[in-house]
Amino acid sequence: MQCTLILTEGDSAKTLAVSGLGVVGRDKYGVFPLRGKLLNVRDGNLKQIQENVEINALLKILGLQYKKKYDTDDDMKTLRYGKVMIMADQDQDGSHIKGLVINFIHHNWPSLIQRSFVEEFITPIVKASKSGQELSFFSIPEYIEWRENTDNWKTYKIKYYKGLGTSTSKEAKEYFSDMARHRIKFRYSGNEDDTAVEMAFSKKKIEERKDWLTKWMEEKRARRTQGLADEYLYNKDTKAVSYTEFVNKELVLFSNTDNERSIPSLVDGFKPGQRKVLFACFKRADKREVKVAQLAGAVAELSAYHHGEQSLMSTIINLAQDYVGSNNINLLLPIGQFGTRLQGGKDSASPRYIFTQVSPVTRSLFPLHDDNVLRFLFEENQRIEPEWYCPIIPMVLVNGALGIGTAWSTNVPNYNPRDLVENIRRLIKGEQPKPMMPWYKHFRGEIRRIDSRRFVCYGEVAKLNEDTIEITELPVKVWTQEYKEKVLEPLMETAAAGKDKDKDKDKDKDKGETSKKQREPLVTDFKEYHTDTTVRFVVKVAKEKMRALEIEGLHKVFKLNTVINTTSMVLFDAAGCLKKYNSPEEICVEFFETRKTKYIDRKNFLMGMLKAQALRLTNQARFIIAKIQGEIHMENRRKANIVEQLIKMKFDPDPVKRWKEEQRKKELKESGEIDLEGEAEAEQEDEEDEKKADKKLATHLSDYDYLVGMALIRVSEEEKDKLLAEKETKLQEVNNLEGKTWGDLWEEDLTRFLEELKKQEDRELADLDLNIKKAGKKAGSDDKPAKGKKKTAAFAAEVLPAKDAERIVPEMDNEMKIKYEKIDKPKTEKVKKEPGEKAEKKKRTKKEGADIKKFMKKEIKKEEPLDSDISISDEDADEVNTDDEFESELDRMDDDAPPKRQTRGIKKVRAFVSKG
DNA sequence: CGGATAGCTAC
DNA sequence: GTCAGTAGCTATCCG
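Start counting at 1 in the first sequence, then tack on 116, and there's your number in our numbering.
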């Protein structure tokens, strides 16, 4: 009962704990390593809990019994340990693990929570040391606070601790010998603690979590704008924290990080991991391919990636995949086996065996010039990736997005990059964007609109003869192997197994037929002729059932229709606010505004740069003349001396260097990061304090390197003329650029991109052709010895759709439409709460929302004053609006299917909304 | 209608 | 090194 069980995050932490226990003795301590995230036992299913290895181990080690109340000391004596102490990394995932352990105890034995059964062991996250003196900080804000109150902080050596592994065993011993300081109790302070823990972990409290996180993000933003420091939970005097404090100040950090790493940015469509990969690739500027495993290492180093590399490697693989349903434009090239549509990319080879390289298209999407106008982040004084890149089209729509965070998840389908170029061009011209449909590269099926935010995606099926059909395309994200196992094989087995899965269907049509017929399988046999890029099933069906199947619709029978929806497109906007978007056009418009300002920035930057370059050339030419005419003597003189003379002669310090520095400073100031950059410089300087002055002089002198450092051979009339000519060219460029608008620059980029895209797609098409031919050859040689080209061609034809097949045109499923109308209706009437975008950012919704609404209004030619409702910034209003919009959109888009007018109910809701 | 599951970045 | 299990949310499938 006086014993404490230490739960550690992973095995390496266990080692640390064990070595730390050396100083306090192992008698009263046990150590048990947790392997990753603990099961969330709240409203989980029984079977999973019973079978969970970790949970069972914990029960056994602690001697806990379900349903037992640990109210008295006698009850406590039945336990093998009187306390549980969690020792997790001092990072957000560590907080999550602490939370999950607390959740486990709280859910089953609330009485133990009230008895302070759970504790934690915290370790420093930053240490500052100076001649024997050592300061430990248990949170970053505490460290920053100290830094701001300590003038000579620069004289300290600063070390960051990432994970428990950073600590040495000597340090572990230090921590454990000062138990009082590192041991923190979780204190129960009443009912609110129960509510807090439940809110954080119950699957039913998603909406509450949205509110919780939204509020937290708002508060953080408010503190930022007021220049206040972040809150922190632990300082040197902290002895206990309440569960509410833990949830609201520590766990919330994990939840927020979880969103940040799982939900991409609207501007570039990247999650931080992906952005770091691109950053590292740009920085390395490799001309040759690199091994994925090696690239991951480089990314981790160059961009301060602190998580497991396995995760990073799958991110890289994901960026390079190019099978149907993955990327519309893969930014990295897949060199080796990166996975195919056979298994949805799960069939990729090990990262040790496969190579990658930046695709030529990538730089045309992310122009190099923009690097000068992006806001780069810093971590521990290392310049890492920007907050976001700024591609020339909204990449989040090109490759789509998929992510699961806390309280929110996101799902954005893919769109056609050419449609996006077209829409951007319209926006540049001040026109409205056209509605877009999801689109997948090399997808041969069909995508149709159901309603404003739902689409149906059909595969391809054709009739070969009375009892044979061929399936040559599956809906997007239905993988060949899975389709075979989960659809075709069951259709064949139904009769054999005796339990007819299609009984219901058969009943409908074959009423009165003999039971024998019902038992017959729909599919009697099927053959496969796939390649890793194409699909072809040739399916034999029972002849007498063919007609019935055709009436029902082959797409439906063979499950060749899936739904793509745009109902949960959640993204971080340019300002870093989480926001839910209702349409790709809305995303386009918001992207457009951000990108536009970046083009203006870029133009300004380039203008200054060119002018600086021209000035530099002028100076150089003048310098050469002066040198030739003997006005400057450099031989046998000190550099400082020469520079002094140059200054006297009114030569400018390197104009290009000056300009760049100016820009950097301006940018940092605008983004409020000035202290970071200043800190970077300062820290470099303070390393060698006494040399500081020297260094300054050196930088000063180096400002003239562009003159004094010129090669002797360049000191000639010839060279001078060349420089002057170059200067003229630069000035010409300045004139040129001056005449261009941001729109012109953008237009140029778009044109270049389209050219690159064409080239890339031609290459891909050639590869696809080759692939099919190879498949033919292989099939030919496998079966019989190949005899001439004819055979090969015949086999190649086998993998392609048959030429004389009768294509079945998918029929818009009326059932489906009705189904979704039904789903949508109660939703609007109930006025479902979605605080996601609500509180998030009122001012923005108003500003941008108005824009979008305006465009929607024009586009759908509706005069009804929907907009006023929306400006109260409640998405309920949006939802209603969308319904209206969808109907009018159907009017426009789906000519053959007359839309059902259902304005009833909408008015009612609107009235409700305006009231509320 | 409820339970199971895919999808993805992290442990 | 590989495989397997966990979180977190939404939508769909299945019984």
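We put the beta carbon where it would ideally sit given N, CA and C, even for glycine.
When only Cα atoms are considered, Leu447 and Gly138 end up about 52 Å apart. Take the alpha-carbon of Asn351 and the one of Leu280: they are about 18 Å apart.
Note on geometry: alpha-carbon atoms of Asp189 and Gly152 lie some 32 Å from one another. The Cβ atoms of Val477 and Leu762 lie no closer than 8 Å to each other.
CA-CA distance, Asp717 to Lys856, rounds to 13 Å.
Looking at the DSSP output, Ser358 shares a beta bridge with Arg303.
Within its own chain, the residues whose Cβ lies closer than 8 Å to the Cβ of Pro226, once the five positions on either side in sequence are excluded, are Asp310, listed in chain order. Using a Cβ-Cβ distance cut-off of 8 Å, the stretch 366-378 and the stretch 511-521 are in contact, since at least three pairs of beta carbons, one from each stretch, lie closer than that value.
In the three-state reduction of the DSSP assignment, Leu731 falls in the helix class, which pools H, G and I.
The stretch 723-733 makes contact with the stretch 832-850, as at least three CB pairs between them are under 8 Å.
With a cut-off of 8 Å on Cβ pairs, the stretch 682-702 is in contact with the stretch 377-388, counting three or more such pairs. With a cut-off of 8 Å on Cβ pairs, the stretch 826-843 is not in contact with the stretch 768-781, counting fewer than three such pairs. Between the alpha carbons of Asn268 and Ile256 lies a gap of roughly 18 Å. Per DSSP, reduced to three states, the secondary structure at Phe721 is helical.
If you check the CB distance, Val406 and Thr472 come in under 8 Å. Across the structure, Ser699 and Lys550 are spaced so that their CA atoms are roughly 11 Å apart.
For His646, the closest of Ile587, Val134 and Met750 by C-alpha to C-alpha distance is Ile587. Cβ neighbours of Val514 within its own chain (closer than 6 Å, five residues either side excluded): Asn444, Ile445 and Pro533. Shown here for Lys712: same chain residues with a beta carbon closer than 7 Å to its own, the five before and five after excluded, namely Trp858 in chain order.
Nearest to Lys776 by alpha-carbon distance, out of Lys672, Met333, Val242 and Ala728, is Ala728.
Gly136 counts as buried, since no fewer than 16 other beta carbons sit within 10 angstroms of its beta carbon. Nearest in C-alpha terms to Leu418, of all of Lys399, Thr640 and Glu347, is Lys399. Distance from Lys392 to Tyr421 at the Cβ level is roughly 5 Å; contact confirmed, criterion being Cβ atoms closer than 8 Å. Where Ser427 is concerned, there is no enclosing beta strand (DSSP E), although the alpha helix (DSSP H) around it starts and stops at Glu425 to Ala436. DSSP places Ser525 outside any alpha helix (DSSP H); the residue lies instead in the beta strand (DSSP E), whose first and last residues are Ser525 to Val528. Distance check between Gly452 and each of Ser464, Val603 and Gln459 places Ser464 closest, using alpha-carbon atoms only. Collapsing the DSSP output to three states places Ile451 in a strand. Taken through DSSP and simplified to helix, strand or coil, Ala312 comes out as helix.
Here Gln876 is not near Ser525, since their CB atoms are 8 Å or more apart. Taking 4 residues as the minimum length, the alpha helix (DSSP H) runs contained wholly in the stretch 119-165 are 127-137, in order along the chain. The beta carbon of Glu562 is closer than 7 Å to those of Tyr574 and Pro926 in its chain, skipping five residues each way along the sequence. Leu733 sits close to Lys843, with the two beta carbons spaced by under 8 Å. Within the stretch 547-604, complete beta strand (DSSP E) segments of at least 3 residues are found at 562-567, 570-574, 576-581 and 584-589, given in chain order. Between Glu589 and Val651, the C-beta gap is smaller than 8 Å, which places the two residues in contact. DSSP, read as helix, strand or coil, puts Asn539 in helix. By the CB criterion at 8 Å, Ile540 and Ile509 fall inside the cutoff.
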